[in-house]
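Worksheet: one structure, shown below.
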Amino acid sequence: MRAMVLKKLGLFAENQTPLDLVDLPVPVPGDDEILVKVSVCGVCHTELDEIEGRTAPPVLPVILGHQVVGQVETAGKNVTGFQLGDRVGIAWIYSACRTCEFCLAGNENLCKDFKATGKDADGGYAEYMVIPEHFAVPVPDGLKDTETAPLLCAGAIGYRALRLTGLKNGQNIGLTGFGASGHLVLKLVRFKYPDAKVFVFARNSVEREFAKEIGAVWAGDTADASPELLDAVIDTTPAWKPVVEAMKNLKPGGRLVINAIRKEDTDKDYLLKLDYPAHLWMEKEIKSVANICRKDVVEFLTLAERFGIRPEVEVFSLEQANQALAALKKGTIRGAKVLKIG
1 MRAMVLKKLG LFAENQTPLD LVDLPVPVPG DDEILVKVSV CGVCHTELDE IEGRTAPPVL
61 PVILGHQVVG QVETAGKNVT GFQLGDRVGI AWIYSACRTC EFCLAGNENL CKDFKATGKD
121 ADGGYAEYMV IPEHFAVPVP DGLKDTETAP LLCAGAIGYR ALRLTGLKNG QNIGLTGFGA
181 SGHLVLKLVR FKYPDAKVFV FARNSVEREF AKEIGAVWAG DTADASPELL DAVIDTTPAW
241 KPVVEAMKNL KPGGRLVINA IRKEDTDKDY LLKLDYPAHL WMEKEIKSVA NICRKDVVEF
301 LTLAERFGIR PEVEVFSLEQ ANQALAALKK GTIRGAKVLK IG
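In the UniProt record's numbering, the protein residues as written are 1 to 342.
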């Protein structure tokens, strides 16, 4: 099978072709696993975090990719939940122990044995991959493959972040950073909280215009003051400046939810600008999003089909994975990036 493989870590700026196209044997599923023939795989900023070592894979080489849509090709002898030919989605959650207190409470994302797709196990930048059947999810019939892929991470983890804000209808919410996750959260807010106002902060003028096109009441630069104070803000950026600047726009008791697995160190000194009275006092909160649960994916796909939530997508071939990552790094394409494989 063809696969784009990461063999060594390094800064993307110093090597903009970190993935190599190789030919590998098709993996064989274990007794509790399914073999998936990959149709498409989304491209996520987390792949850049892996390549640059902020969340380094434990073993190299590795096949990246955790927004996978495909069909069940074969199944292990213990598999009962899927039939051959079923269409499935595979998200960042590859596996968890299923027996600890967090797993039993439906919070597998907090399990100490949590394993990530495309990091702790080979992912979807390939023609085939395997996954334990319990952590694959059925894809609703009303969703196309290319539009489903970004929903599996950018959408589902954005859905988790939105739940963690505690937002109520009629309140104000801010989104700082407006890529794949941000634009899907905005669409979700419009359906779940029709009277809520969405304010977007983005350094790119194209992203600001895009935000207003799809329903933001206001869009400004990262450091701008919003015209109204906000009940919550979701940060989807890899930087620290948006964290500090978002806090000044929160109401008393407001909550910032950071939706990022890792932050880059480029502007870490911006944290020195944090001013306790202006940014943190008055019972403001900061909360992180850790990984993702299977139920987040299932629930969000159901909502996406029901409400017609579809991402803006730019499609690349498998061989163009490096170009897609470069576009993501530069922020030159609005919405989400998807590799078409099968």
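The beta carbon of each residue, even a glycine, is placed where N, CA and C say it ideally should be.
For residue 242, count neighbouring Cβ atoms within 10 angstroms of its own Cβ and tell me buried if that reaches 16, exposed if not.
Only buried fits residue 242, as 16 or more other CB atoms lie within 10 angstroms of its CB.
Have a look at residue 194 and residue 165 and give me their C-alpha separation to the nearest angstrom.
Distance between the alpha carbons of residue 194 and residue 165 is about 16 Å.
So, are the CB atoms of residue 7 and residue 23 less than 8 Å apart?
No, they are not a contact pair.
Simplified DSSP assignment, three categories, for residue 196
Reduced to three states, the DSSP call for residue 196 is coil.
Bounding residues of the beta strand (DSSP E) (the contiguous stretch that carries residue 317)
For residue 317, the uninterrupted beta strand (DSSP E) run begins and ends at 313 to 317, by DSSP.
Is the segment 170 to 178 touching the segment 299 to 318 in the sense that three or more CB pairs, one from each, lie closer than 8 Å?
Remark: fewer than three beta-carbon pairs, one from each stretch, lie closer than 8 Å, so the segment 299 to 318 and the segment 170 to 178 are not flagged as touching.
Terminal residues of the continuous beta strand (DSSP E) containing residue 74?
Note, residue 74: beta strand (DSSP E), 68 to 75.
Among 40, 130, 83, 97, which has the Cα closest to the Cα of residue 29?
Ranked by Cα distance from residue 29, the first of 40, 130, 83, 97 is 130.
Mind checking residue 240: buried by the 16 CB within 10 Å criterion, or exposed?
Flag for residue 240 reads buried.
Backbone secondary structure at residue 176 - three-state DSSP
DSSP places residue 176 in strand when its eight states are reduced to three.
On the three-pair Cβ rule with 8 Å, is the segment 155 to 169 touching the segment 200 to 210?
Result no; under three Cβ-Cβ pairs closer than 8 Å.
Whole-angstrom distance between residue 206 and residue 101, CA atom to CA atom:
About 44 Å.
Closest to residue 82 by CA distance: which of 184, 217, 214, 139 is it?
Nearest in C-alpha terms to residue 82, of all of 184, 217, 214, 139, is 139.
According to DSSP, simplified to helix, strand and coil, what is residue 125?
Correct three-state label for residue 125: coil.
Please identify the residue among 188, 118, 341, 226 whose C-alpha is closest to the C-alpha of residue 320.
Among 188, 118, 341, 226, the Cα nearest to that of residue 320 is on 341.
Please list the terminal residues of the continuous alpha helix (DSSP H) segment that includes residue 242.
Segment 241 to 248, the alpha helix (DSSP H) holding residue 242.
Indicate the three-state DSSP secondary structure (helix, strand or coil) for residue 102 in the structure shown.
Three-state result, residue 102: helix.
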